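167 is the number of the first residue of the sequence shown in the numbering used here; add one for each residue after it.
Don't be surprised by glycine CBs; every beta carbon is placed ideally from N, CA and C.
Please read all numbers here as calculations on a predicted model, not as lab measurements.
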Amino acid sequence: KIITTLFLLSLLMNEIYGYMTFNTTVQKLLNDNFYSLKDCPVIPPSNPVPKNASKVRPSDIRVVMACGDSITAGFAMKTPGLVDSFYEYRGTTAFAGVDEGEVTVPNFLEQVSGKKVIGGSIKTGFPWEAIQWRGKAIREHNPPIDHLNAAQSNAKINLISTQIDYLVSQMKAEHVHMEEDWKLLTIFIGANNLCRSCKGHPEDQPQAFVDVMEANIEKIYKLIPRVRVNIVSLFNISGVHTASEESAYCKVVHDIVAECACMSKHGDEGRLIMDQNAMKINELLVDVERRWQAKDTPGFGLALQPFTWQMVVPDLSFLSSLDCFHPSVSANVHFATYLWNSMLTPPAKKPKSCIPPVQPICPSLNDYLQ
Numbered sequence: 167k168i169i170t171t172l173f174l175l176s177l178l179m180n181e182i183y184g185y186m187t188f189n190t191t192v193q194k195l196l197n198d199n200f201y202s203l204k205d206c207p208v209i210p211p212s213n214p215v216p217k218n219a220s221k222v223r224p225s226d227i228r229v230v231m232a233c234g235d236s237i238t239a240g241f242a243m244k245t246p247g248l249v250d251s252f253y254e255y256r257g258t259t260a261f262a263g264v265d266e267g268e269v270t271v272p273n274f275l276e277q278v279s280g281k282k283v284i285g286g287s288i289k290t291g292f293p294w295e296a297i298q299w300r301g302k303a304i305r306e307h308n309p310p311i312d313h314l315n316a317a318q319s320n321a322k323i324n325l326i327s328t329q330i331d332y333l334v335s336q337m338k339a340e341h342v343h344m345e346e347d348w349k350l351l352t353i354f355i356g357a358n359n360l361c362r363s364c365k366g367h368p369e370d371q372p373q374a375f376v377d378v379m380e381a382n383i384e385k386i387y388k389l390i391p392r393v394r395v396n397i398v399s400l401f402n403i404s405g406v407h408t409a410s411e412e413s414a415y416c417k418v419v420h421d422i423v424a425e426c427a428c429m430s431k432h433g434d435e436g437r438l439i440m441d442q443n444a445m446k447i448n449e450l451l452v453d454v455e456r457r458w459q460a461k462d463t464p465g466f467g468l469a470l471q472p473f474t475w476q477m478v479v480p481d482l483s484f485l486s487s488l489d490c491f492h493p494s495v496s497a498n499v500h501f502a503t504y505l506w507n508s509m510l511t512p513p514a515k516k517p518k519s520c521i522p523p524v525q526p527i528c529p530s531l532n533d534y535l536q
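In structure tokens:
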């Protein structure tokens with residue numbers, strides 16, 4: 167229903183709204199290699215391979231993985247044409263993409279190590295996992311495109327467990343050395359839960375959400391050795407609504423499609439409840455992080471990366487020009503850069519907002535993932 171409605175709207179209003187995925191400032195910075203680490207010194211992998219997660223350098227990461235929803239799948243990130251606008255741009259997504267020339271964390275890893283990483287997602291694909299047929303997704307994953315990006319459009323926190331199962335299975339197909347290779351897993355999920363949370367659904371409330379997250383952290387610890395896990399904090403989705411108020415097209419899309427009901431159908435009260443729930447989830451995730459960091463788990467590292475915690479959507483250039491909801495390429499560039507910098511920053515100094523533009527940090531031999 168949502169995809170059909172968006173397609174009809176885009177046919178009717180494309181000429182009115184136009185395409186705004188890139189803003190000119192970001193494009194110029196990309197042309198100037200502002201977001202590139204190609205001029206940084208190459209740092210070879212540690213020898214011997216570190217045994218403790220606290221001593222893993224960026225160049226020690228051999229495998230990249232991701233779990234999440236449509237944001238991490240890259241849905242509607244680019245809008246080159248009406249049909250292509252409905253694709254997932256997995257090769258471009260900040261946390262898992264490896265398409266050449268894109269600003270992504272895996273590409274940063276390759277630039278500083280001089281070596282290819284395993285598992286990055288590539289190219290584009292249609293979000294078949296979001297289409298239900300007789301109660302089941304038409305296709306849950308597409309390994310030739312997804313590789314180890316297990317994110318699924320329309321996913322809620324309850325699907326993280328099956329995404330982990332996919333990663334464990336797919337790592338065998340990707341010839342990952344489970345006991346030897348250090349892996350980086352980034353989890354960014356929760357928008358679909360927040361968009362229902364103002365209506366009182368028990369499974370979408372903060373404590374229930376974090377309980378599922380912590381259970382799956384335990385699952386990762388048991389099933390995936392030598393892994394560092396990033397959990398990206400949630401952000402105030404009401405900021406999407408505020409930025410969208412600039413556009414008549416966006417107002418129509420949000421009113422008709424109601425992709426996020428708590429944002430567009432339940433007024434200021436719904437948006438306030440949704441934002442309060444996001445902040446409560448982040449606070450609970452801090453407690454989860456502390457509990458795991460207090461454990462003796464040398465082959466497992468967990469870090470909450472809070473750069474989206476206080477993020478403000480600056481303008482429409484951060485939003486997909488298809489649905490005015492999902493992040494655009496411009497937003498993706500900054501997500502990648504901020505996650506990268508956050509991973510190289512001590513916990514007390516990690517950024518809690520994503521203010522463009524920012525340049526990626528060149529790591530040194532003394533920099534370990536945090």
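Can you check whether the CB of residue j is closer than 7 Å to the CB of residue i?
i                 : j              : result
alanine 414       : valine 271     : no
aspartate 489     : valine 406     : no
glycine 436       : cysteine 428   : yes
valine 479        : valine 192     : no
alanine 444       : leucine 535    : no
proline 207       : proline 529    : no
proline 472       : lysine 516     : yes
serine 335        : alanine 239    : no
isoleucine 284    : glutamate 346  : no
phenylalanine 261 : histidine 492  : no
leucine 195       : proline 523    : yes
serine 494        : leucine 485    : yes
lysine 349        : valine 393     : yes
valine 376        : leucine 450    : yes
asparagine 537    : tryptophan 475 : Nothing can be reported for residue 537, as the shown portion of the chain is limited to 167 through 536.
valine 222        : proline 214    : no
glutamate 404     : aspartate 441  : The question names glutamate, but residue 404 is serine in the sequence shown. Against a cut-off of 7 Å, the Cβ pair of aspartate 441 and serine 404 comes out as a contact.
Going by other Cβ atoms of all chains shown within 10 Å of its Cβ, with 16 needed for buried, is residue i buried or exposed?
i              : result
serine 410     : buried
leucine 333    : buried
asparagine 218 : exposed
glutamate 268  : buried
glycine 291    : buried
histidine 313  : buried
isoleucine 521 : exposed
glutamate 412  : exposed
arginine 228   : buried
threonine 558  : For residue 558 there is no data in the structure shown, the boundaries of the chain being 167 and 536.
proline 372    : buried
arginine 456   : exposed
isoleucine 527 : buried
Over what stretch of residues does the beta strand (DSSP E) that includes residue i continue unbroken?
i              : result
glycine 465    : No beta strand (DSSP E) contains glycine 465, which DSSP labels as neither H nor E.
asparagine 532 : Element bounds for asparagine 532: n/a, residue is neither H nor E.
valine 478     : First-last for valine 478: undefined, no H or E at that position.
isoleucine 397 : 393 to 398
Considering just the uninterrupted stretch of the alpha helix (DSSP H) at residue i, what are its terminal residues?
i              : result
isoleucine 439 : 433 to 459
valine 419     : 414 to 423
asparagine 507 : 495 to 509
valine 524     : First-last for valine 524: undefined, no H or E at that position.
threonine 408  : 404 to 410
serine 430     : 427 to 430
Next item on the list: Scan the segment 309 to 385 and note each continuous alpha helix (DSSP H) run of 4 residues or more that stays entirely inside, going in chain order.
Entry: Those alpha helix (DSSP H) runs which fall completely within the segment 309 to 385 and span 4+ residues are 309 to 312, 326 to 339, 357 to 363.
Next item on the list: Report yes or no: do the segment 232 to 241 and the segment 349 to 365 share at least 3 C-beta pairs separated by less than 8 Å?
Entry: Segments in contact, yes.
Next item on the list: List in chain order: all unbroken alpha helix (DSSP H) runs of 4+ residues lying wholly within the segment 204 to 285.
Entry: Under the rule that a run must span 4 or more residues, the alpha helix (DSSP H) segments found entirely inside the segment 204 to 285 read 236 to 239, 271 to 279.
Note to self: Between the segment 460 to 470 and the segment 383 to 402, can you find at least three pairs of beta-carbon atoms closer than 8 Å?
What the structure shows: Note that the segment 383 to 402 touches the segment 460 to 470; at least 3 beta-carbon pairs, one per stretch, sit closer than 8 Å.
Check: Between the segment 279 to 294 and the segment 250 to 264, are three or more C-beta pairs nearer than 8 Å?
Finding: Short answer: they touch.
Margin query: Below 8 Å, how does it come out for the segment 377 to 394 and the segment 327 to 347: are there three or more Cβ pairs, yes or no?
Written below: Verdict: yes, contact present.
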